[in-house]
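Undergrad: Residue numbers (this note's numbering), protein chains in the order written: chain E, 264 to 379; chain X, 10 to 121.
Every residue, glycine too, gets a C-beta built ideally from N, C-alpha and C.
Since we're looking at a predicted model, the values are computed, not measured.
Input: one structure, supplied below.
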Amino acid sequence: DTEVTQTPKHLVMGMTNKKSLKCEQHMGHRAMYWYKQKAKKPPELMFVYSYEKLSINESVPSRFSPECPNSSLLNLHLHALQPEDSALYLCASSPDTIGTAFYGYTFGSGTRLTVV
Amino acid sequence: QKEVEQDPGPLSVPEGAIVSLNCTYSNSAFQYFMWYRQYSRKGPELLMYTYSSGNKEDGRFTAQVDKSSKYISLFIRDSQPSDSATYLCAMSAGTGGFKTIFGAGTRLFVKA
């Protein structure tokens, strides 16, 4: 089982709905990431949180709003999404974003989002 | 030109074959090289990690990095049907929050 837990696993929402995706890790990692993955495409970086502060925002539309309440939790708030936002949303973590070593990400299983 | 190029396949091989998966890249600043395996409808799973150039072996898997040629490879020996998945190469320069650039992913089918 993955050590990064994402909920819900599946989500169907209308274009006027507000919903949130949740991610939790208990590995003591201080960097957490949101990625978006369309079918048969590689993951695309959306946001990076380092020590609970937003450090990278890859020009993501404001209808996606990230939040990092503490070092173990990462949320992604969704509002007024479009059908083209339907995708697999992946949360990932890594021990750090600074320092001398990077050992790759630990990904969650993702939330499959469908916007209708 | 994309920073990371990877043939999307699909690649179909018989069980027991040796599989070779490859990526090329253009950014000489990359120093962390990874291979992720992704099963259908699941998140990517880190399979192999290499820092800088060289080889790394883990069971049936061998990762090679040739920084002079900007070329990385993943070899799978004695391939099994359970190896059927999409294999994503990934690279990071180790800066900017360890921003990672992924290849397109190669879909591998191992036939029993």
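Using three-state DSSP, classify Asp92 of chain X as helix, strand or coil.
TA: Here the question's residue 92 of chain X lines up with position 83 in the second sequence. Here Asp92 of chain X sits in helix by DSSP.
Undergrad: Tell me the DSSP secondary structure of Asp348 of chain E in three-state form.
TA: Counting from one through the first sequence, the residue named residue 348 of chain E turns up at place 85. Helix.
Undergrad: Span of the beta strand (DSSP E) holding Val74 of chain X?
TA: Residue 74 of chain X sits at position 65 when you count from the first residue of the second sequence. First-last of the beta strand (DSSP E) with Val74 of chain X: Phe70 to Asp75.
Undergrad: Determine the contact status of Leu117 of chain X and Leu56 of chain X, defining contact as a CB-CB distance below 8 Å.
TA: Against the second sequence, residue 117 of chain X aligns to sequence position 108. Against the second sequence, residue 56 of chain X aligns to sequence position 47. No, they are not a contact pair.
Undergrad: When burial is assigned at 16 or more other CB atoms within 10 Å of the CB, is Gly371 of chain E buried or exposed?
TA: Indexing the first sequence from 1 puts residue 371 of chain E at position 108. Result: buried.
Undergrad: Name, in chain order, the residues that DSSP records as bridge partners for Phe111 of chain X.
TA: Position 102 of the second sequence holds residue 111 of chain X. Looking at the DSSP assignment, Phe111 of chain X forms a beta bridge with X:Ala99.
Undergrad: State buried or exposed for Arg86 of chain X, treating a residue as buried only when at least 16 other CB atoms are found within 10 Å of its CB.
TA: The sequence position of residue 86 of chain X within the second sequence is 77, counting from 1. When all chains shown are included, Arg86 of chain X counts as exposed.
Undergrad: Measuring alpha carbon to alpha carbon, tell me which residue in X:Ser37, X:Pro90 and X:Val13 is nearest Gln25 of chain X.
TA: By one-based count along the second sequence, residue 25 of chain X stands at place 16. A small correction: the amino acid at residue 25 of chain X is Gly; Gln does not occupy that position in the sequence shown. The option with the nearest alpha carbon to Gly25 of chain X is X:Pro90.
Undergrad: Of the choices X:Ser35, X:Ser37 and X:Glu14, whose alpha-carbon is the least far from that of Pro305 of chain E?
TA: Taking the first sequence and counting its residues from 1, the one referred to as residue 305 of chain E is at position 42. Nearest of X:Ser35, X:Ser37 and X:Glu14 to Pro305 of chain E, Cα basis: X:Glu14.
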